[in-house]
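Q: Residue numbers (this note's numbering), protein chains in the order written: chain A, 1 to 285; chain D, 1001 to 1204; chain L, 2001 to 2233.
Supplied in structure tokens, the structure appears directly below.
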Amino acid sequence: MTEGAKKSFAEKALDLDHRILASIVFCIIAAMILYPVSIPFPVSNYGQNFYDFVHSIPAGETIGFMLSDTPSTRPQLEPSTTLSLMILFEKDVKIIFWQDEFMGPPIFTDYIAITEDLLGRELEYGVEYVDLGYVAGEETGAAAFLKDMRTVVAGVDVDGTNLDDLPIMQGINSGGDFEYGFFNVACRCTEPMYVRQWQQPYGTKVGSINCAMDLPAITLYLATGQIKATANGLLGGAEMEYLTGHLGTAYGQTLAVSFGGLYFTILVILGNVFFFISRAGGRRE
Amino acid sequence: MTIPLYIVSILGVWMIAEYFLPFLNPLVPTTDMIRTYATILAAASWGLGTAILCLAHGRRIYRQTKDPFWGYSVMFLICFLAMLGAALTQGLKGTTYLWFYNYIIGPTGQALYSTTAFYVTTAGYRVFRFRNMDAAVLLIAGMFVMWSVLPLFTGPFPVLVVIAGWINNVIAVAAYRGFVMGVALGIIGLAVRVFLHKHREVLA
Amino acid sequence: MAVTLGMIVASWLCIALYTMLYGDNPVSRTAEHVYMGFLAAYEVVVNLNFFYTKGVLQIAKPGGAGYIIPVILGFMIYLRLNESTRWLYRYPMAIVIGSVFGVTVRTTVFSQILDQVKGNLPPIAPLVGVPPGQLVNNLIIIFGSLSAIVFFVFSRELTGPERYVHRFGRLILLAGFGATYGNTLSYRYELMAGTFLVNMFTPPEILPYTFGFAAALAIILIVVYKTGLASWE
Chain A
1 MTEGAKKSFA EKALDLDHRI LASIVFCIIA AMILYPVSIP FPVSNYGQNF YDFVHSIPAG
61 ETIGFMLSDT PSTRPQLEPS TTLSLMILFE KDVKIIFWQD EFMGPPIFTD YIAITEDLLG
121 RELEYGVEYV DLGYVAGEET GAAAFLKDMR TVVAGVDVDG TNLDDLPIMQ GINSGGDFEY
181 GFFNVACRCT EPMYVRQWQQ PYGTKVGSIN CAMDLPAITL YLATGQIKAT ANGLLGGAEM
241 EYLTGHLGTA YGQTLAVSFG GLYFTILVIL GNVFFFISRA GGRRE
Chain D
1001 MTIPLYIVSI LGVWMIAEYF LPFLNPLVPT TDMIRTYATI LAAASWGLGT AILCLAHGRR
1061 IYRQTKDPFW GYSVMFLICF LAMLGAALTQ GLKGTTYLWF YNYIIGPTGQ ALYSTTAFYV
1121 TTAGYRVFRF RNMDAAVLLI AGMFVMWSVL PLFTGPFPVL VVIAGWINNV IAVAAYRGFV
1181 MGVALGIIGL AVRVFLHKHR EVLA
Chain L
2001 MAVTLGMIVA SWLCIALYTM LYGDNPVSRT AEHVYMGFLA AYEVVVNLNF FYTKGVLQIA
2061 KPGGAGYIIP VILGFMIYLR LNESTRWLYR YPMAIVIGSV FGVTVRTTVF SQILDQVKGN
2121 LPPIAPLVGV PPGQLVNNLI IIFGSLSAIV FFVFSRELTG PERYVHRFGR LILLAGFGAT
2181 YGNTLSYRYE LMAGTFLVNM FTPPEILPYT FGFAAALAII LIVVYKTGLA SWE
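Okay, structure coming up:
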């Protein structure tokens, strides 16, 4: 088509201002959050496997949990994380926490408070759980920490208490002292790092709490058994809420996300329809 | 530049060798200590980027006549100093410090990341086309997997979960297995190049 | 639940940031710089606190004299800021980079190569004694992953029958990346829904503040740009 010639309807539609598209997304998501409707959905294999994996951890076991969520992924991952902690503490599992990302520590404190609300009691620090704090250095830090925890954290927890004075830390100093472990890496795609530095050298059975974006990379490690189970993003959180009977924010958010996906599907179909119409009409891309 | 490159090579080879060679076990405590030192250095290095950022904003304020947006740099430094002051006066569990984290850093970070949703929506409308076999495969796989995590689709059509499960557990596994192995070979190749000083850019 | 000042600030900052979708404007730029200022200080505080408590304070403890090394090297990192001392920054970074390469490569061989090869062999992917459906799946995984590796490794143009292997590998990779894109899409919408729910619409008492500010901001921005006080960028 030459310049100055009248654009067809399909061509005008393809040139639609991105601000209009953005405004429609905003309205759809906002409406679905303000006026939620419950839609039943099947629990996926991932959700069921993760639930079963959490329940399979023996009562009284001491496990490691790298809990380093970020504010942006907190709404998606909070339900699966806190409900997992609830199940574990109900089984008298003792948990050693640490964070590998600098945004993690304040969120960790909130998660413990939420877990205590779910349990209906306060957790006993030093006996049921301990927070070893932020460990810098990404992969080097994880390797050093999982080799010798006391050296890397200078023998103290996040509040400066000597680890040898805490009952939960008796006999625990490396990743190999855990038979089971979890990591919440938010959206940083560092699950392979924990497979390399925790699962592979020490043989720990690890479960992952991660955002949906990381799932294809994790299915690889699920297939080989290197990661035992995954709670996959918001859907994983909604499934955990459903399986534990604590329906909450994740369940409500999935509807809003569903309609966002429906809108995207309609846009892709319309975009292709207009594209082929305009191509049939002679427009050069 | 030569000595730091030798430090990289020696340290890297040493850490790999001590993992595989039992006769190097007496050196393990030293290697563990070096890794601990590297952890401390990694924490220290975070301040460098922030220092460069603060200097850049400071220069913009200093040259305000040449840059019409120097007011934003003033805003940046005010907020920076406010957070720094809260941390230094109240510690990492102080009320004001956590208030800034919970009501400023957290929400704005969420909003900033979520703007990508608008951009992928526009991209889907303008770019996702059934132009050829390659694009069609990408589009079909993507749509099925997206539908499988949305209850609006899986509720009425549970078969989507089965189809997407097959895509995730067979096709994606095959693809990522090849991808990951290729990347792993690339990492090893890069490490060899760095250890042989053929890739000096790692130390800028 | 009562609306606090913090909730209002969070809601208004989110709305201010979202205005960037309509074009770069003073409101979104201000919100961005507010975020950058607080975040930059936060990350410095957390990391330098780790440097101080796990490094500097250890020097005074019994047996901690060795920690003087990382402390001095840590300060050397900041010599990069000065042109004449920039070369000294390479020494501490050499230790970090050497350690990273060492710990990554030594376990990559096992977790990302050998274990993945095992994933293509029995008992994980058996070809005998399995139902037909699983046999087909295992064959797709084995040939698909090998084809994908061929696609990666051979960057030159292939002629002859091997080009079909190359093509199959490309299609498998595209399907895999399509699956990633599908998950990424839902992840992006999850981010948006989460932001709306947590910051702008919960508790319900904050809705007047949210929509009121959004309306006021829209009117202000329209007036500003229509009257030419600022321009879209």
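For each residue, glycine too, the CB sits at the ideal point set by N, CA and C.
Whether or not the region 188-195 of chain A and the region 136-147 of chain A are in contact is what I'm after, with contact meaning three or more pairs of Cβ atoms, one per stretch, closer than 8 Å; do they touch?
A: Contact between the region 136-147 of chain A and the region 188-195 of chain A is present, because at least three Cβ pairs lie under 8 Å.
Q: State the Cα-Cα distance for the pair A1082 of chain D and V1170 of chain D, rounded to the nearest angstrom.
A: Cα to Cα, A1082 of chain D sits roughly 52 Å from V1170 of chain D.
Q: Using a cut-off of 8 Å between C-beta atoms, extract the partners of I39 of chain A located in chain D.
A: Within 8 Å Cβ-Cβ: P1151, L1152 and G1155.
Q: Using alpha carbons as the reference points, say which of D:S1045, D:A1044 and D:F1069 lies closest to T1056 of chain D.
A: The question names Thr, but residue 1056 of chain D is Ala in the sequence shown. Measuring from the Cα of A1056 of chain D, the nearest candidate turns out to be D:F1069.
Q: What is the residue span of the alpha helix (DSSP H) that T1116 of chain D lies within?
A: G1106 to V1127 is the span of the alpha helix (DSSP H), which, as asked, contains T1116 of chain D.
Q: Starting from the C-beta of G271 of chain A, find all residues in its chain whose C-beta is less than 6 Å away, skip the five residues before and the five after it, and write them out in chain order.
A: Counting only Cβ-Cβ distances below 6 Å, and skipping sequence neighbours, we find nothing.
Q: For A2292 of chain L and V257 of chain A, which I take to be in contact (beta-carbon distance under 8 Å), what is that distance rounded to the nearest angstrom?
A: Beyond the ends of chain L as shown, which are 2001 and 2233, falls residue 2292 of chain L; an answer cannot be given.
Q: Buried or exposed for G233 of chain A, please, with buried defined as at least 16 other CB atoms from any protein chain shown within 10 angstroms of its CB.
A: That one is buried.
Q: Taking only the alpha-carbon atoms, compute the straight-line gap between F1023 of chain D and W1014 of chain D and give it to the nearest angstrom.
A: Their Cα atoms are separated by approximately 12 Å.
Q: Across which residues does DSSP place K205 of chain A in a beta bridge pair?
A: According to DSSP, K205 of chain A bridges with A:Y180.
Q: Check each candidate in A:Y251, A:P106 and A:T81 and name the one with the smallest Cα separation from I95 of chain A.
A: Taking only the C-alpha atoms, the option nearest I95 of chain A is A:T81.
Q: Are the beta-carbon atoms belonging to S2011 of chain L and Y2209 of chain L less than 8 Å from one another?
A: For S2011 of chain L and Y2209 of chain L, yes; Cβs fall inside 8 Å.
Q: Compare the C-beta of A2065 of chain L against all C-beta atoms of chain D and say whether one is closer than 8 Å.
A: Not closer than 8 Å to any Cβ of chain D, the Cβ of A2065 of chain L fails to qualify, so no.
Q: Quick check: the Cα distance between M1 of chain A and S8 of chain A, rounded to an integer number of angstroms?
A: The pLDDT assigned to M1 of chain A is 45, lower than 50, so where the model puts this residue is not dependable, and the model offers no usable value.
Q: Who pairs with T1096 of chain D in a beta bridge, going by DSSP?
A: Per DSSP, none; premise fails for T1096 of chain D.
Q: Would you mind telling me which residues of chain L sit closer than 8 Å to D1134 of chain D, beta carbon to beta carbon, in chain order?
A: Ordered by position in chain L, the residues that pass the 8 Å Cβ test against D1134 of chain D are R2170, L2171 and L2174.
Q: Judging by CA-CA distance, which residue of A:L166, A:L146 and A:R121 is the nearest neighbour of L204 of chain A?
A: It is Thr, not Leu, that sits at residue 204 of chain A in the sequence shown. Residue A:L146 is the option with its Cα nearest to T204 of chain A.
Q: Report back the beta-carbon spacing between Y134 of chain A and F2050 of chain L to the nearest angstrom; my notes put them in contact at under 8 Å.
A: Contact flag correct, Cβ pair sits at about 6 Å.
Q: What residues are listed by DSSP as bridge partners for I2097 of chain L?
A: DSSP, once it has assigned bridges, lists no residue as partnering I2097 of chain L.
Q: When the Cβ atoms of the region 218-236 of chain A are set against those of the region 2116-2129 of chain L, are three or more pairs found closer than 8 Å?
A: A contact exists between the region 218-236 of chain A and the region 2116-2129 of chain L.
Q: What's the call for R1035 of chain D, buried or exposed, on a 16-neighbour Cβ count within 10 Å?
A: R1035 of chain D is buried by the Cβ-count criterion.
Q: Around the C-beta of C27 of chain A, are 16 or more other C-beta atoms found within 10 angstroms, so that it is buried, or is it exposed?
A: With fewer than 16 Cβ atoms within 10 Å of its Cβ, C27 of chain A is classed as exposed.
Q: With DSSP run on the structure shown, which of helix, strand or coil describes L136 of chain A?
A: The sequence shown places Ala at residue 136 of chain A, not Leu. Correct three-state label for A136 of chain A: coil.
Q: Take every Cβ of the region 63-73 of chain A, pair it with every Cβ of the region 89-107 of chain A, and state whether three or more of those distances are shorter than 8 Å.
A: Result yes; three or more Cβ-Cβ pairs closer than 8 Å.
Q: Shortest alpha-carbon distance to T1050 of chain D belongs to which of D:I1140, D:L1092, D:F1076 and D:L1196?
A: The option with the nearest alpha carbon to T1050 of chain D is D:F1076.
Q: For D131 of chain A, which three-state DSSP category applies?
A: Strand, per DSSP.
Q: For K1198 of chain D, does the three-state DSSP call read helix, strand or coil?
A: In this structure, K1198 of chain D counts as coil in the three-state DSSP scheme.
Q: Could you name the residues of chain A that Q2116 of chain L contacts, counting a contact when the two beta carbons are closer than 8 Å?
A: Here the neighbours are L220 and T224.
Q: Classify W1147 of chain D: buried if its beta carbon has 16 or more other beta carbons within 10 angstroms, exposed otherwise.
A: That one is buried.
Q: Taking 7 Å as the limit between beta carbons, can you name the residues of its chain near Y46 of chain A, skipping five residues before and five after?
A: Excluding sequence neighbours, Y46 of chain A sits near T230, N232 and G236.
Q: Which residues, taken in chain order from the region 2193-2222 of chain L, show a beta carbon closer than 7 Å to some beta carbon of chain A?
A: Going along the region 2193-2222 of chain L in chain order, one finds A2193, G2194, F2196, L2197, V2198 and F2201 with a Cβ nearer than 7 Å to chain A.
Q: Could you list which residues in chain D have their beta carbon closer than 9 Å to that of A2148 of chain L, in chain order?
A: Going along chain D in sequence order, the residues near A2148 of chain L (Cβ under 9 Å) are A1174, A1175, Y1176, R1177, G1178, F1179, M1181 and G1182.
Q: Anything in chain D within Cβ reach of P268 of chain A, meaning under 8 Å, just list it in chain order.
A: A small correction: the amino acid at residue 268 of chain A is Val; Pro does not occupy that position in the sequence shown. Result: G1124, Y1125, F1128, L1139 and M1143.
Q: Here's a check: name, in chain order, each residue in its chain whose Cβ is nearer than 6 Å to the Cβ of R284 of chain A, leaving out the five neighbours to either side.
A: Unreliable positioning characterises R284 of chain A in this predicted model, as indicated by a pLDDT of 49, which lies under 50. The coordinate reading is nonetheless provided below. Within the same chain, R284 of chain A has no close Cβ partners at all.
Q: Here's a check: name, in chain order, each residue in its chain whose Cβ is nearer than 8 Å to the Cβ of D52 of chain A, leaving out the five neighbours to either side.
A: Closer than 8 Å at the Cβ level, and outside the excluded window around D52 of chain A, lie A229.
Q: Compute the Euclidean distance between the alpha carbons of E2205 of chain L and S72 of chain A, then round it to the nearest angstrom.
A: Straight-line Cα distance between these residues: approximately 23 Å.
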